[in-house]
Each structure stands twice: as structure tokens, then as C-alpha cells.
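See below:
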């Protein structure tokens, strides 16, 4: 190490000695809470996008298509990617200023910017700004966690940091599901802004960071503290920070960052689109869809803490990542296999997605620890730069995966925009819709194009009634040729009709029949007798067909007439929403397979990361490090 040639003035927020327990934990706590709040503010849009029953949602209130909304999210992630890359300057200019400023900016954007945005363009600008700041925080906060965390406790510390996005998601789910469907979504942002403003003040007053000379070293355990502080007096900070990105743009860092990015596609899908998915595919309300997240993110948070602790105890990371990846693959496949089954219960989704969340935590917390150790293997002075590379890669990957969603799932806009109207129409026209559902698609199209075409009419009546086309034709012909006679037959009681069919010469039955026709149709006895005699000219087989199927055919004809009276615009809405509802589950299923592919890619790239595979090798390396530390302390 070379000696620093230019003295550097210590900032108010910097510490020249490694902090003790209480102060260190206070700083770590502020960083974790800051991460939670910032992700809570960023993820809130996904929870209130669709609204409920065509009201109180971002898409509805701004008359925004799902594609437009997704493109806003993509822009937010791209801006976050650029900001993440630029935030590598945190190695030179410090972390606290970036974090505190970011908290103030996002708080004001949520408190004032979103509520005052009166157009979808205005919302897009504000949301993009939030995404920009979120990208900055993605780098600065884990860098600060790394600074305060020796490697032997790194997984636990990173487990706490990864609580940021997870608890942020959980807070969103709890808030939206608890406040209900009638709370204006703008108010949700006002609450988030107020919380962020309070935390920004706390950060400005109490958050501290290590001086560059302290943080530019690898600290394996708390016992290294004395040596780290002694070394700090002789570190050339400027030399260690020279050409930072050239030092960090290496295959192990880029490959590892890409691995976790594609592994987390299912996580970002859940954050951004699960509420809309469950609302449009399974008909959940906004609050019910978000309550599902209560279970998912609570289990994920618990797993992150527990696995971080176990990884530190075992002193290995990679075996946890492999188990987590395999478990996540299995759970995702089980989940996507049921998204096309409309009878799948809420409880089933809770169980499967909660287990999936546990496996995601099983892989993610050890990965974060291992990645920072991989960066330290290159240059511990460039922790923020290495994390900036990760921030860039993950934001680009997520932006691409989010951009693809509306092109794979092109039914969400239709279901959000026209689904509520279709539900109202279903309540208004229940019988007509039931009739339409019995018609073949080709028959419906032909009936709309040529409603007076007789073969088309017969086919439509057959499909609605369940009677063959040939028999429908016979019934239709008899109704046309013997309309009055058949009407007379309908008013004769069944016993009398049966007696006449069995014995046409039964005068008593004939007299009763004539009397009933005269009474109920108001005609003369002569006309009644004429109509009844006309019935005897119809073959017995056709009369039996009329008896068995005549009522069905007549009911089908009446149903088709009623269907024809439904306005064409209403039928168009019903058809469009119905087609979208039918296609949507399969489209989502296809997209979830993309997430499985990302999880598969993650496994072989684990080998790029630093760290041993077995606890025995880890203990041996720790013993060698301890001996080296003792020798250096003795030399000092």
C-alpha cells in the first residue's frame, strides 16, 4: 500500500474509527428502513394499477392502456439502470448524502408529485423520477451495509438489506388490502410520501458512514477492527479508486449480476403484475389480490433473515443458492400449471407462492453476501462501483422482461378496461348470454352476417335447443304449415290429447277438445273442429316429435329473438372481454415459463462467485486469515 500524498477533509457524516455495537446497528437499521420505504414507494403503483370494478385505479383514472402503463414501468427501470451505473461515484463522494437526498426527493414526489399529476404523461414523468432515485438507492444502501458488515456476518447483514424490497412489497400489500377498495389511490401515495419525509429527516440527523480509508479494506471478522484502523492511516484513497469501472467490468461480476437478475424475474413479476393478474384472471378485488402478497412477502422476509443467519453459521453461500434455485424452479412450475384452472382456490395460491417465496430468499440472501465478497476479491475500495454494475444489469434485464409482458399477455388492457362493463352486461342479459354461449363461433358470425338465412337459423336453433338440425327443420315446417292447428292442440289438456291419439273416433274426447279450444281461443265450434281434424293429417311420428321437441325448439327460437334485440355494441363488449378472459390464463402461463428459464440460467453461473462450497474449506480459510491478521498486528 502507498501512503496518501494529499490530506482529505473528513465530512460531517464520516467516521474515522469503526463504530461500536449500538452506533453500528443504528446506522444499519436506518439503511434497512430507508430501503424498505423507498421500495414501498416504488412498488405502490403495481398494487393500485388495475382498480376494482372499473374505478379507483391508475389505468382507469388516466384512461391508460396496459401497454402504456408497462412502458412507463420500463422507462422507470431504464432510468434506474442509468442511475445505478452513475452511482458508482458513491465510492468517491460517500453514501449518506446520496441516501438522504434520495429520501427527500422521493418523499416529495409521492406527497405532491403524484397527487398533482392530472394526466398520464404527468404520472409517467413523476414515476420515472421515482425510478431514477430508486436506482441510486439500489447501489448506495447495500454499499453502506457492506461497509459496516464483516464477511463472517455478511449474509445476515445482506439478509436484512434484502428485506428492503420484500418488506416494501409487504407494506404495500398490507396498506392497500387494509384500507380497502374505496380509498382513493392518490391517498395511498400521500401516506407513502409522509412516511418517507419523516425517515429523510431521521437519516439527515443520524445516518453515518465509514471514511474511505476504513471502507476501502476487506474486513473478514470483527476481530480485524484494530488492523483495519491501523492500515487506514496508510491507504492512498485516490490510487485505489483509479479507473473504477475498468476494474469492475469483469466476467465474474457481470455474469453473477446477470444470473441474479434473470433469477428474480418471477419476483419482479409478482411485485409489478400479480395484483393485476389475480384481478383479471381470477376475479379478485384489489384488496384481495394484495392480501395474497401479505403471505408471500412475510414468508420471503422470514426466509431472508433465517437463511442469512444459517449461511453465516455454515460459512458457505453456494449450497444455499443451489437449493433455493431448484426449489424455486419446482414451485414456479407447480404455480404456472394451475393458472389455467379457474377453480384453483385462494388458499392453494397462498401455500404455493409462500413456499416459492421461501426458496427465493434461500438463494438471494447468500447471493448478496457472495457477490459483495466477489467485488472485494477484485478491489474492496470499489464496493459501490461493483454494486453499480449489478444495479445496471438487473435494471436492464428487468426492463426487458417487463417490456415483453404486454406483448405476451395482450389481454390485460381489455380485461381492465372492458371487464367491469362486461360483468354489468352479464347481470343485465343473463339469458341472452347463456344463449350466445351455446352458439358455435362460425354460427354466430353467419347469423350476424345473414340473419335471414334459413339454414343458418336452423343450425342456430339446433345448437341452442340440442335438437338435431333435421328435426328442427321438421318442427319449423309443421309450425309454418299447421300453426293454428298446433296452437289449438296446445290448449287441449294432455289426457284428452292422449285419448284422441289412441282412438281418433272417441266422440267424448273430441267434444271435450272442441269445448276447450272454443273456450281458450275464443273461436267457433266449427272452426275448432276444423283445426282438430287438421291435426289428424299430420303423421303420428311427426306429432310425437312435436310433443318431445316442439317446446325446446320454440324456446330456442324465442331465446334467439331476445339475443337479436341486444345492442350490437353490448355484444361486441361481451365478445371482446370473453375472448380476452379465455386467452389470458394461457398467455400468463407462457410468460411464467420465461421466469423458469431465468431460474435455470442462475444455477451454472453460481460458480463465478467467490467463496468455498464446503464448511470445512471455509473454516480452514478463516483459520489462515486469523493467523495472517495476528502476524500483521504483531508487525505493527
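In my numbering, the protein residues as written are 58 to 693. All C-beta atoms, glycine included, are put in the ideal place defined by N, C-alpha and C. Model, not experiment: these values are computed from the prediction.
Could you please give the first and the last residue of the uninterrupted alpha helix (DSSP H) stretch that includes residue i?
{"i": "residue 113", "result": "Taken as a continuous stretch (DSSP letters only), residue 113 belongs to no alpha helix (DSSP H), as it is neither H nor E."}
{"i": "residue 645", "result": "625 to 662"}
{"i": "residue 372", "result": "Segment: none, residue 372 is in no alpha helix (DSSP H) and carries neither H nor E."}
{"i": "residue 248", "result": "242 to 263"}
{"i": "residue 339", "result": "Taken as a continuous stretch (DSSP letters only), residue 339 belongs to no alpha helix (DSSP H), as it is neither H nor E."}
{"i": "residue 586", "result": "582 to 592"}
{"i": "residue 88", "result": "78 to 105"}
{"i": "residue 422", "result": "403 to 435"}
{"i": "residue 309", "result": "308 to 320"}
{"i": "residue 575", "result": "564 to 578"}
{"i": "residue 174", "result": "Careful: residue 174 lies outside any alpha helix (DSSP H) and carries neither H nor E."}
{"i": "residue 513", "result": "511 to 522"}
{"i": "residue 530", "result": "526 to 538"}
{"i": "residue 488", "result": "487 to 495"}
{"i": "residue 595", "result": "No alpha helix (DSSP H) contains residue 595, which DSSP labels as neither H nor E."}
{"i": "residue 163", "result": "153 to 165"}
{"i": "residue 499", "result": "498 to 506"}
If we call anything under 8 Å between Cβ atoms a contact, is residue i one with residue j?
{"i": "residue 650", "j": "residue 396", "result": "no"}
{"i": "residue 663", "j": "residue 345", "result": "no"}
{"i": "residue 153", "j": "residue 303", "result": "no"}
{"i": "residue 134", "j": "residue 177", "result": "no"}
{"i": "residue 496", "j": "residue 418", "result": "no"}
{"i": "residue 668", "j": "residue 427", "result": "yes"}
{"i": "residue 620", "j": "residue 500", "result": "no"}
{"i": "residue 382", "j": "residue 660", "result": "yes"}
{"i": "residue 91", "j": "residue 161", "result": "no"}
{"i": "residue 592", "j": "residue 571", "result": "no"}
{"i": "residue 26", "j": "residue 350", "result": "Residue 26 falls outside the range modelled here, since the chain spans only 58 to 693, and no answer is possible."}
{"i": "residue 459", "j": "residue 181", "result": "no"}
{"i": "residue 446", "j": "residue 343", "result": "no"}
{"i": "residue 184", "j": "residue 79", "result": "no"}
{"i": "residue 93", "j": "residue 267", "result": "no"}
In the structure shown, what three-state DSSP assignment does residue i receive?
{"i": "residue 201", "result": "helix"}
{"i": "residue 398", "result": "coil"}
{"i": "residue 278", "result": "Low local confidence applies: a pLDDT of 39 at residue 278 is under 50, so the model's placement there is unreliable, with the coordinate-based value given in what follows. Reduced to three states, the DSSP call for residue 278 is coil."}
{"i": "residue 267", "result": "strand"}
{"i": "residue 210", "result": "Caution applies to residue 210, whose pLDDT of 47 falls short of 50 and renders its modelled position unreliable; the model cannot decide the point."}
{"i": "residue 617", "result": "helix"}
{"i": "residue 286", "result": "Model confidence at residue 286 stands at a pLDDT of 37, short of 50, so the residue's coordinates are unreliable; what they give is reported in the following sentence. If DSSP states are grouped into helix, strand and coil, residue 286 belongs with the helices."}
With a CB to CB cut of under 6 Å and the five nearest residues on each side skipped, what residues in its chain are close to residue i?
{"i": "residue 159", "result": "190, 193, 194"}
{"i": "residue 217", "result": "89"}
{"i": "residue 336", "result": "107, 346"}
{"i": "residue 368", "result": "212, 374, 377, 423"}
{"i": "residue 598", "result": "none"}
{"i": "residue 33", "result": "Nothing about residue 33 can be reported from this structure: the residues present for the chain run from 58 to 693 only."}
{"i": "residue 407", "result": "352"}
{"i": "residue 246", "result": "167, 171"}
Can you give me the Cβ contacts of residue i inside the same chain, cut-off strictly under 7 Å, excluding the 5 residues immediately before and after it?
{"i": "residue 356", "result": "411, 414, 415"}
{"i": "residue 263", "result": "83, 87"}
{"i": "residue 637", "result": "468, 471, 472"}
{"i": "residue 98", "result": "163, 167, 187, 249, 253"}
{"i": "residue 147", "result": "Interpretation of residue 147 is limited by its pLDDT of 48, a score under 50 that renders its predicted location unreliable; no figure is taken from the coordinates."}
{"i": "residue 519", "result": "525, 526, 529"}
{"i": "residue 670", "result": "373, 375, 376"}
{"i": "residue 516", "result": "500, 526"}
{"i": "residue 617", "result": "492, 517, 518, 521"}
{"i": "residue 371", "result": "672"}
{"i": "residue 456", "result": "131, 134, 135, 138"}
Just to confirm my understanding: we take residue i, look at its own chain, exclude 5 residues before and 5 after, and list those with CB closer than 8 Å. What are they?
{"i": "residue 454", "result": "315, 318, 319, 322"}
{"i": "residue 559", "result": "none"}
{"i": "residue 609", "result": "522, 523, 524"}
{"i": "residue 239", "result": "113"}
Examine the ligand ATP and report whether any of its heavy atoms sits within less than 7 Å of the Cβ of residue i.
{"i": "residue 620", "result": "Here there are no bound small molecules, and the ligand ATP is not part of this structure."}
Touching or not, the segment 629 to 644 and the segment 557 to 564, by the rule of three or more beta carbon pairs under 8 Å? no
Would you call the segment 429 to 436 and the segment 307 to 317 touching, i.e. three or more CB-CB distances under 8 Å? At 8 Å Cβ cutoff, the stretches touch.
Stretch-stretch touch, CB-based, cutoff 8 Å, three pairs: the segment 537 to 550 with the segment 583 to 599: Contact annotation: the segment 537 to 550 touches the segment 583 to 599, with at least three C-beta pairs closer than 8 Å.
Three CB pairs or more closer than 8 Å across the segment 350 to 364 and the segment 220 to 228: By the criterion of at least three beta-carbon pairs nearer than 8 Å, the segment 350 to 364 is in contact with the segment 220 to 228.
Is it true that the segment 455 to 465 meets the segment 122 to 129, where meeting means three or more beta-carbon pairs spaced less than 8 Å apart? yes
Could you check whether the segment 513 to 532 touches the segment 601 to 618, counting it as contact only if at least three pairs of C-beta atoms, one from each stretch, sit closer than 8 Å? Counting Cβ pairs under 8 Å, three or more are found: they touch.
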